[in-house]
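Residues in the sequence shown are numbered from 0 upward in steps of one, following numbering that gives the first Met the number 0.
One structure below.
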Amino acid sequence: MTSLSDGAVTQFAVLDALLAGVYASGMTVRDALGHGDLGIGCCDRLGGEVVIVDGEAFECTVDGPPSPMTDAAILPFVDVAAFPVTDSAEVRDLDLEGVTAAVEGRLLSRNLFHAVRLDGVMATARIRATPRQQHPFPPLDKVTSEQVETVLARRAGTLVGYWAPTIYQGIAVAGLHLHFLADDRLAGGHVLDLTVERGHLRLVAYARFDLHLPVDDLFLRTELTHDRDHRIVAVEGGVDAR
């Protein structure tokens, strides 16, 4: 059974800001780790994908294998939470749609946020990282059009992510949003597609969502509107929340 944490999912910024090219500031890694030990995010100026696992933050960039992040590194978008010890369910031979179904079959409620962790062997995983941007910042869909994709075969590692309720689309990524980090720390990134050979799946539900908004000038003077659902699906991939 999925447990309900008395903690919170902490998020910095909103997805619609990235879609509008508004990501000039961020939360430091030190501050993010003060809110939890499991998370996902993106690097400063969208220069890669971030995986937080067991209280360590790793940046997955186009320049080389994942590397530990400094406390002062900036995260323009991040979701992080304290992930308590909890029971796991064994899973085998699941594609991304199957993983999504396995997660959704274990949700405590479709109105709560859930942190997701799956440790195991990926038969295949298609992952991406994005190149670091320069001013003036382009919107996220432009950035992902230049993404660097890698296809992994039979790699042990950890899938980290969050399942967000449909009502939060545009604030977060509604449905399941996953990043991967290999056990050997030689590969990682945002998950576009995958097949799990075998693994152990754990979920924790959260009734608290703590949103931190940027206060830089670009964010304050850019009015955000939510009319980009199709673009969120296009840039994030995966299986839509239903």
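All C-beta atoms, glycine included, are put in the ideal place defined by N, C-alpha and C.
The C-alpha of THR85 is placed about 26 Å away from the C-alpha of ALA186. Taking C-beta atoms as the reference points, ARG125 and LEU191 count as a pair closer than 7 Å. DSSP places THR123 in the uninterrupted beta strand (DSSP E) bounded by 112-128. Only exposed fits HIS199, as fewer than 16 other CB atoms lie within 10 angstroms of its CB. In its chain, beyond the 5 residues on either side, ARG197 have a beta carbon closer than 6 Å to the beta carbon of ARG91.
One Cα belongs to GLY156, the other to ALA122, and the distance between them is close to 11 Å. When the alpha-carbon of LEU117 is set against those of PHE57, ILE166, THR129, GLY38, the nearest one is in GLY38.
With contacts defined as CB atoms closer than 7 Å, THR9 and VAL79 qualify as a contacting pair.
The shortest CA-to-CA distance from PHE136 to any of GLY46, LEU32, HIS34, VAL234 is the one to GLY46. Nearest to ARG44 by alpha-carbon distance, out of GLU58, GLY6, GLY104, is GLU58. Per the DSSP secondary-structure output, ALA171 pairs in a beta bridge with GLN168.
Three or more Cβ pairs drawn from the stretch 22-29 and the stretch 58-78 lie within less than 8 Å of each other, which places the two stretches in contact. GLN168 counts as buried, since at least 16 other C-beta atoms from the protein chains shown sit within 10 angstroms of its C-beta. Excluding residues up to 5 positions away in sequence, nothing lies with its Cβ nearer than 6 Å to the Cβ of LEU219 in the same chain. Here ALA233 carries a helix assignment [DSSP, helix/strand/coil].
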